[in-house]
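Okay, structure first, notes after.
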Amino acid sequence: MNALQGLRQDLFHDAFAYRPLSRRSTDGRVTRRLRGRPREYAGLLPHAVVVGAAVLAMLMGFFSDGALGLEALLCGLLCMIPVLLTLIRPVGAFWVSLAATPVAAIFGSSWDDWPWLPGSFFSHLIVLTVVALRTRPRTAAWMWLLTGAYGAFSDTLFGGGHYYNNTAPMLVVSALILLLVTVWHIRRDAEQVVTAQQTVTEHERSRRTLLEERTTIARELHDVVAHHMSVVAIQAEAAPYRVENPPPELERAFATIRENAVAALTELRRVLGVVRAEDYEAPEAPQPTLADLDALLANVRDAGLTVEKAVTGAVRELPQGVELSAYRIVQEALSNTLRHAPGADARVEIGYVLGGLGLRIVNGPPPHPALVKPSPGAGHGITGMRERVSMLNGEMTAGRTDDSGYEVTVFLPVASVVEPDEDRGGEA
């Protein structure tokens, strides 16, 4: 019952459904190298192949007997029309091919081949191939069975054993073609499944990387905020002892400040303690600042990257969170340069401006682009940088330069500043 339903659905209900052949993707390894109109025309390659096969079928039908005339022209058209019809109505093209075959055989002057004349034989093979490529393997199997049934019926009803019956060659050749098409379908479906799985995996990897980066930022900011809250609590506790005979109101105010600072510190540790659970026993290293940038650049130079630093504006000490994020952004940008543009020159520009800190990390193109292999972590570093900038309400842009290099620009706002420290910074 299910088989009959499938037969009705594939070959009768969808017989003349309008299914125009879509353009071929131009993102392949060869076509993506084309530019302009050649790449646009490359999308029409399947259409050109079908039209070429239709013309060849028409010529075979026209010259199969050597007798040129109206009947030969009709045979050629009957061979060409079903092939062209596969461009818009693939299942209907099969039925038209079956219907055109006896007509071409009757009008053709050669009765050596039955029921398919040479042009009809080639035309029907092309129709079966194109329909199998454009539909499901089940539909192609039904068409193959109907082709065999048609050949047997034609031989029994009209052949009478007087002519050479080419149904067997038709079935053998078409079976081999349909087998290859079925293998192609199976392989394509498997590749689509693998591609979908890779897309999901990449999405999960990006999501996990983002969460890990947020966790790292949360740990670092936890240390910064906890330090400041501890200082507030200690200062509030010590302040009353620095004033001789402080009024009760002042003592209560400082006590309230200390209690709230301690409470905030406790809540902060409780909320963010989960992100420190994995390496709770690990020793805590001091967080880097812009003062440690020269050491970072020295390490990068040792790794083979030519990098220079330029500092503009009045160098001053910034909030610890800003300095830490700025250091990490420069570190990640230079790491991306080492990974994606080995051998290129890089430049780090730091601008101390009113109301914030500006960063610009730019690198030129790699000297040998063909030797640069794609990195599996592509884009994750940029995601981490954007997270840091977003948490500080800053702005960031990243993209290609005109010379095929890469540029990252960042502005981190700073609400307040302290006195400049002339011993930090400069040019290197």
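Going by full-length UniProt numbering, 103 is the number at position 103 of the sequence shown; the sequence numbering is gapless.
C-beta atoms are modelled at their ideal positions from N, C-alpha and C, and glycine is treated no differently.
For residue 311, the enclosing beta strand (DSSP E) begins and ends at 306-312. By the Cβ-count criterion, residue 258 is buried, with 16 or more other Cβ atoms from all chains shown falling within 10 Å of its own Cβ. Here residue 254 is buried: its Cβ has 16 or more other Cβ atoms, across all protein chains shown, within 10 Å. Residue 77 and residue 97 have their C-alpha atoms some 11 angstroms from each other. Residue 295 and residue 216 have their alpha carbons spaced roughly 22 angstroms apart. For residue 18, the closest of 395, 391, 61, 87 by C-alpha to C-alpha distance is 87. With fewer than 16 other beta carbons inside 10 angstroms of its own, residue 184 counts as exposed.
Per DSSP, reduced to three states, the secondary structure at residue 341 is coil, with no helix or strand assignment. In the same chain as residue 12, and ignoring 5 residues on each side of it, no C-beta atom comes closer than 8 angstroms to its own.
Within the stretch 28-106, the alpha helix (DSSP H) runs of at least 4 residues that lie entirely inside it are, in chain order, 37-42, 45-63, 70-85.
Assigned with DSSP and collapsed to three states, residue 165 falls in strand.
Within its own chain, the residues whose Cβ lies closer than 7 angstroms to the Cβ of residue 288, once the five positions on either side in sequence are excluded, are 324, 327, listed in chain order. Burial of residue 134 is indicated by the presence of at least 16 other C-beta atoms within 10 angstroms of its C-beta. If you ignore the 5 residues before and after residue 166, its C-beta comes within less than 6 angstroms of the C-beta of 113, 116, all in its own chain and listed in chain order. DSSP places residue 130 inside the alpha helix (DSSP H), whose first and last residues are 118-134.
For residue 360, the enclosing beta strand (DSSP E) covers residues 356-363.
Within the DSSP secondary-structure output, residue 113 pairs in a beta bridge with 164.
Residue 346 sits in a strand when the DSSP states are folded into three classes.
In the three-state DSSP reduction, residue 178 falls in the helix class (H, G or I). In the displayed model, residue 316 falls within a strand according to three-state DSSP. In the displayed model, residue 244 falls within coil according to three-state DSSP, outside both helix and strand. Shown here, residue 409 sits in a strand according to DSSP, grouped into three states. Residue 398 carries a strand assignment under DSSP once its states are collapsed to helix, strand and coil. CA-to-CA, the gap between residue 347 and residue 333 works out to about 11 angstroms.
The residues 128, 171, 174, 175, 178, in chain order, have a CB closer than 8 angstroms to that of residue 144 in the same chain once the five nearest residues on each side in sequence are set aside.
Rounded to the nearest angstrom, the Cβ distance from residue 353 to residue 405 is 24 angstroms, too far for a contact under 8 angstroms. For residue 352, the secondary structure class from DSSP, reduced to helix, strand or coil, is strand. Taking the Cα of residue 104 as reference, the smallest distance to any Cα among 57, 139, 141 is reached at 57. Distance between residue 107 and residue 99, taken at the CA atoms: about 13 angstroms.
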